[in-house]
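Residue numbers (UniProt numbering), protein chains in the order written: chain A, 1 to 435; chain B, 1 to 435. Glycine is no exception: its CB is placed at the ideal position from the N, C-alpha and C atoms. Nothing here was measured: the structure is a model prediction, and the numbers come from that model. Below is one structure, written out as structure tokens; the observations come after it.
2 protein chains.
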Amino acid sequence: MTTDSIRRLNAADSDFDTQLQQLLAWESVADTRVEATVAEILQQVRTRGDAAVIEYTNRFDRRQLQSGSEFCLPQAALGAALERIPAAERQALEAAAERVRAYHQRQLQESWRYEESDGTVLGQQITPMERVGIYVPGGKASYPSSVLMNAIPAKVAGVDCVAMVVPAPDGQLNDLVLAAAAIAGVDQLYTIGGAQAVAALAYGTESVPQVDKIVGPGNIFVAAAKRAVFGRVAIDMIAGPSEILVICDGKTDPDWIAMDLLSQAEHDQQAQSILLSPDTAFLDAVEKSLSRLLDELPRREIAAQSLAGRGALIQVASIEEALALSNRIAPEHLEVSVEDPEQYLAQIRHAGAIFLGRHTAEALGDYCAGPNHVLPTSGTARFSSPLGVYDFQKRSSIIYCSPEGADKLGRVAGTLARGEGLEAHARSALYRVTE
Amino acid sequence: MTTDSIRRLNAADSDFDTQLQQLLAWESVADTRVEATVAEILQQVRTRGDAAVIEYTNRFDRRQLQSGSEFCLPQAALGAALERIPAAERQALEAAAERVRAYHQRQLQESWRYEESDGTVLGQQITPMERVGIYVPGGKASYPSSVLMNAIPAKVAGVDCVAMVVPAPDGQLNDLVLAAAAIAGVDQLYTIGGAQAVAALAYGTESVPQVDKIVGPGNIFVAAAKRAVFGRVAIDMIAGPSEILVICDGKTDPDWIAMDLLSQAEHDQQAQSILLSPDTAFLDAVEKSLSRLLDELPRREIAAQSLAGRGALIQVASIEEALALSNRIAPEHLEVSVEDPEQYLAQIRHAGAIFLGRHTAEALGDYCAGPNHVLPTSGTARFSSPLGVYDFQKRSSIIYCSPEGADKLGRVAGTLARGEGLEAHARSALYRVTE
Numbered sequence: 001m002t003t004d005s006i007r008r009l010n011a012a013d014s015d016f017d018t019q020l021q022q023l024l025a026w027e028s029v030a031d032t033r034v035e036a037t038v039a040e041i042l043q044q045v046r047t048r049g050d051a052a053v054i055e056y057t058n059r060f061d062r063r064q065l066q067s068g069s070e071f072c073l074p075q076a077a078l079g080a081a082l083e084r085i086p087a088a089e090r091q092a093l094e095a096a097a098e099r100v101r102a103y104h105q106r107q108l109q110e111s112w113r114y115e116e117s118d119g120t121v122l123g124q125q126i127t128p129m130e131r132v133g134i135y136v137p138g139g140k141a142s143y144p145s146s147v148l149m150n151a152i153p154a155k156v157a158g159v160d161c162v163a164m165v166v167p168a169p170d171g172q173l174n175d176l177v178l179a180a181a182a183i184a185g186v187d188q189l190y191t192i193g194g195a196q197a198v199a200a201l202a203y204g205t206e207s208v209p210q211v212d213k214i215v216g217p218g219n220i221f222v223a224a225a226k227r228a229v230f231g232r233v234a235i236d237m238i239a240g241p242s243e244i245l246v247i248c249d250g251k252t253d254p255d256w257i258a259m260d261l262l263s264q265a266e267h268d269q270q271a272q273s274i275l276l277s278p279d280t281a282f283l284d285a286v287e288k289s290l291s292r293l294l295d296e297l298p299r300r301e302i303a304a305q306s307l308a309g310r311g312a313l314i315q316v317a318s319i320e321e322a323l324a325l326s327n328r329i330a331p332e333h334l335e336v337s338v339e340d341p342e343q344y345l346a347q348i349r350h351a352g353a354i355f356l357g358r359h360t361a362e363a364l365g366d367y368c369a370g371p372n373h374v375l376p377t378s379g380t381a382r383f384s385s386p387l388g389v390y391d392f393q394k395r396s397s398i399i400y401c402s403p404e405g406a407d408k409l410g411r412v413a414g415t416l417a418r419g420e421g422l423e424a425h426a427r428s429a430l431y432r433v434t435e
Numbered sequence: 001m002t003t004d005s006i007r008r009l010n011a012a013d014s015d016f017d018t019q020l021q022q023l024l025a026w027e028s029v030a031d032t033r034v035e036a037t038v039a040e041i042l043q044q045v046r047t048r049g050d051a052a053v054i055e056y057t058n059r060f061d062r063r064q065l066q067s068g069s070e071f072c073l074p075q076a077a078l079g080a081a082l083e084r085i086p087a088a089e090r091q092a093l094e095a096a097a098e099r100v101r102a103y104h105q106r107q108l109q110e111s112w113r114y115e116e117s118d119g120t121v122l123g124q125q126i127t128p129m130e131r132v133g134i135y136v137p138g139g140k141a142s143y144p145s146s147v148l149m150n151a152i153p154a155k156v157a158g159v160d161c162v163a164m165v166v167p168a169p170d171g172q173l174n175d176l177v178l179a180a181a182a183i184a185g186v187d188q189l190y191t192i193g194g195a196q197a198v199a200a201l202a203y204g205t206e207s208v209p210q211v212d213k214i215v216g217p218g219n220i221f222v223a224a225a226k227r228a229v230f231g232r233v234a235i236d237m238i239a240g241p242s243e244i245l246v247i248c249d250g251k252t253d254p255d256w257i258a259m260d261l262l263s264q265a266e267h268d269q270q271a272q273s274i275l276l277s278p279d280t281a282f283l284d285a286v287e288k289s290l291s292r293l294l295d296e297l298p299r300r301e302i303a304a305q306s307l308a309g310r311g312a313l314i315q316v317a318s319i320e321e322a323l324a325l326s327n328r329i330a331p332e333h334l335e336v337s338v339e340d341p342e343q344y345l346a347q348i349r350h351a352g353a354i355f356l357g358r359h360t361a362e363a364l365g366d367y368c369a370g371p372n373h374v375l376p377t378s379g380t381a382r383f384s385s386p387l388g389v390y391d392f393q394k395r396s397s398i399i400y401c402s403p404e405g406a407d408k409l410g411r412v413a414g415t416l417a418r419g420e421g422l423e424a425h426a427r428s429a430l431y432r433v434t435e
């Protein structure tokens with residue numbers, strides 16, 4: 001990798017805004033052919049159930065399924081995988097799961113009620129969803145950490161049944177993924193994937209129960225299928241490529257920062273790694289570290305393409321300017337690698353996850369710090385949150401009027417209903433008004 | 001209206017499940033012509049900004065706009081409307097707003113942090129969205145109560161700028177709607193509507209700032225536009241027709257219950273009103289009340305069509321069976337008109353809003369009880385919540401590792417990252433591990 005293979009920008013340049021916009025530009029391309037294919041798959045599964053799921057699975061995953069029961073993996077298979085994997089990995093998965101569970105417990109929302117002076121009671125009742133589906137990609141992108149991050153919040157929320165789908169191309173499954181499902185407490189596992197798996201979860205089939213929400217990452221067909229069933233079931237956000245924004249005062253080891261940037265870049269070629277620093281010499285040093293460290297990585301080709309295509313080292317005037325820029329970018333991951341980082345927290349308005357201090361590598365958040373690694377990408381941190389327990393709970397309003405409350409409120413409602421021309425609304429309220 | 005104009009069902013009938021399914025069947029029809037029209041409007045507004053908004057608005061709303069400034073309504077116009085409306089309506093709007101504000105204040109979420117024994121700090125930071133867009137339909141369906149219900153939660157959340165769009169067909173605006181906007185604290189108001197208004201909010205134009213989330217009801221073009229921009233901005237759920245499910249022990253005045261059913265039915269022909277009771281004589285009495293009361297309503301034709309097409313009086317064996325049925329239906333509005341209704345609260349799993357007791361007309365919730373009237377329809381209460389302050393707040397995870405914490409977590413993350421074949425992740429974590 002040559003030193004010109006990552007973009008260098010300066011926030012003081014007159015055309016910086018344009019350059020930044022170009023750097024961030026990314027949009028999932030709506031592919032009408034993909035959408036048409038997915039619409040057909042959804043329709044087939046909806047009307048023909050298991051039979052359609054089996055046909056697509058045999059075709060796309062090169063399998064020889066004959067019946068729905070063959071793609072239902074028994075719980076014993078999860079336990080067996082957990083026994084098979086190396087002890088070090090099992091311990092690491094269990095340690096990670098424990099921390100993720102502990103953090104997410106704090107997100108649990110509680111029902112509340114209050115009584116007004118006239119005896120009227122108002123409140124909000126929290127209940128978990130009944131059934132949730134988790135999509136886990138197969139093959140090389142099949143990550144046990146994703147199983148933990150998607151399933152544990154649902155289980156903490158109290159979801160009755162967490163159903164997981166994971167494709168098994170050529171019949172192959174990843175033992176670490178199955179072990180993670182066992183640790184996370186996944187209730188049902190189906191070895192199917194693609195749009196047909198999303199359809200099975202959204203509509204239900206003879207073998208797959210219909211779920212209330214579908215979460216988890218997938219390829220373009222999975223994303224299109226989730227978008228198409230949105231409304232019939234809930235979905236999480238459609239994720240874009242992963243990104244990291246690092247703000248550094250120049251006093252962290254440049255190798256550490258370079259490796260943090262590379263850890264995003266190795267995800268895929270579209271991943272984005274950006275460093276902001278007021279220290280020019282530090283930017284130079286990180287650029288050198290990147291060149292050197294890149295060569296040592298097994299995934300160096302992907303990382304090099306990501307850095308060259310979407311990476312940037314940006315000179316800023318100050319940490320404050322960096323924070324302002326960060327709020328414009330609304331990054332998925334924000335590393336604040338500076339002295340006394342907590343002083344800046346109040347200035348951070350939009351970010352999926354915030355990693356404070358020189359010792360907090362973003363990768364810790366990917367696996368085991370506790371917070372979720374499913375985070376809003378592509379600037380959607382402006383309006384979205386990390387996946388959490390709250391994604392699997394829902395609220396019902398409670399209104400319980402005393403006769404006095406009904407009298408008082410009925411008059412107000414009557415007036416407003418007539419203002420809107422809704423006479424039955426008015427009368428329904430006014431029946432409960434005592435003269 | 002004849003007595004056979006509302007369906008009578010019995011949960012004990014052998015074909016009841018099928019009948020119930022038919023009764024509930026409703027699905028927004030994806031109309032490809034609408035989608036194509038909307039896609040064109042979105043594209044035009046995205047590329048040509050105000051010019052396109054003006055063209056569509058002049059065409060669809062029969063206006064003669066020449067520049068963007070003409071569809072920006074000054075704050076003074078809101079205040080003037082507030083002065084113009086009758087005092088009774090102003091007082092009712094202000095009373096409703098105060099109660100809605102008080103209830104929603106309780107939904108505010110707070111940031112939290114905790115420190116682990118090794119000094120590592122984990123937390124969740126809550127921040128409001130910056131800009132939110134509220135869609136308010138024009139013409140006859142232009143409801144001041146909707147303005148309050150959509151804008152107040154955003155303001156309580158701390159959103160910097162609440163921008164409202166409302167079409168002004170033939171230049172006409174509803175004073176009550178403008179007055180409600182003044183009371184709710186709407187920051188900016190644009191007299192535009194349709195897919196072009198959604199596009200302006202989603203992409204921004206010279207006159208309309210881009211927002212982070214778009215909420216509020218609209219016609220099929222508005223719904224299609226919201227669905228199309230979902231992901232670029234956040235949206236609320238796409239609403240179906242309004243519904244009420246009443247459970248009654250037979251001891252509430254049948255006229256009250258009939259009027260509650262009619263208050264849903266008068267919304268539109270697709271609205272759904274269902275009563276469940278174990279008391280046959282009471283079902284008969286309500287049926288009679290419906291016939292009689294219907295004739296007195298200005299919107300009797302709409303209500304009659306709604307009752308005949310989608311309404312039902314259902315005989316159940318017990319209140320418990322009624323509650324089980326209600327959980328299957330997951331109604332938008334659930335009225336539990338029985339003695340000591342609170343005893344049943346724990347059995348209610350899925351409902352948008354729960355109205356307890358004989359005195360709590362659903363209409364109170366539409367206007368002034370306090371909880372939101374934007375509620376999940378068509379069974380989506382299985383996975384959705386009322387609109388609330390939480391819809392305008394978002395969360396950022398916080399991770400701040402002590403050197404000891406980074407050491408401990410780095411080892412776990414290193415093992416798991418290598419298990420996933422992500423070497424840069426592993427090294428980034430392991431750099432912070434002290435031997």
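Under the three-state DSSP convention, the category residue i falls into
i, result
"V165 (chain B)", "strand"
"L283 (chain B)", "helix"
"Q21 (chain A)", "helix"
"I329 (chain B)", "helix"
"Q64 (chain B)", "coil"
"K394 (chain B)", "strand"
"V246 (chain B)", "strand"
"I314 (chain B)", "strand"
"S5 (chain B)", "helix"
"E89 (chain B)", "helix"
"F230 (chain A)", "strand"
"V389 (chain A)", "helix"
"N10 (chain B)", "strand"
First and last residue of the uninterrupted alpha helix (DSSP H) at residue i
i, result
"V45 (chain A)", "32-48"
"Y190 (chain A)", "Unbroken run through Y190 (chain A) is the beta strand (DSSP E), 188-190; no alpha helix (DSSP H)."
"E362 (chain B)", "362-367"
"L78 (chain B)", "75-84"
"D175 (chain A)", "175-184"
C-beta contact flag for residue i and residue j at 8 Å
i, j, result
"A184 (chain A)", "I235 (chain A)", "no"
"residue 493 (chain B)", "F71 (chain B)", "The question about residue 493 (chain B) has no answer, for chain B in this structure spans 1 to 435."
"I247 (chain A)", "S337 (chain A)", "yes"
"A304 (chain A)", "L276 (chain A)", "no"
"E339 (chain B)", "Y400 (chain A)", "no"
"D118 (chain B)", "S402 (chain B)", "yes"
"L261 (chain B)", "S242 (chain B)", "no"
"F392 (chain B)", "V211 (chain B)", "no"
Range covered by the beta strand (DSSP E) that runs through residue i
i, result
"I354 (chain B)", "353-356"
"K213 (chain A)", "213-215"
_I'd like the ranges of any beta strand (DSSP E) spanning at least 3 consecutive residues and lying wholly in the segment 97-157 of chain B._
112-115, 121-128, 131-135
_Every unbroken alpha helix (DSSP H) within the segment 255-308 of chain B, with a cutoff of 4 residues, ordered by chain_ = 280-294
*Could you run through the segment 245-264 of chain A and flag, in chain order, every residue whose CB is less than 8 Å away from some CB of chain B?*
Within the segment 245-264 of chain A, the qualifying residues are D253, D255, W256, M259, D260, L262, S263.
_Near-chain B residues of the segment 352-369 of chain A (beta-carbon distance less than 9 Å), N- to C-terminal order_ = G352, A353, I354, F355, L356, G357, R358, H359, T360, A361, E362, A363, L364, G365, D366, Y367, C368, A369
*Quick one, which residues of the segment 160-178 of chain A are near chain B if we go by CB-CB under 9 Å, in chain order?*
For the segment 160-178 of chain A, the residues whose beta carbon sits under 9 Å from a beta carbon of chain B are, in order, L176.
*In the segment 46-79 of chain A, which residues sit with their C-beta less than 7 Å from some C-beta in chain B, listed in chain order?*
none
*Counting only runs of 4+ residues fully inside the segment 405-434 of chain B, write out the alpha helix (DSSP H) ranges in chain order.*
If we require 4 residues or more, the alpha helix (DSSP H) runs fully inside the segment 405-434 of chain B come out as 423-430.
*Taking a cut of 8 Å between CB atoms, which residues from the segment 137-148 of chain A lie near chain B?*
K140, Y143, P144, S145
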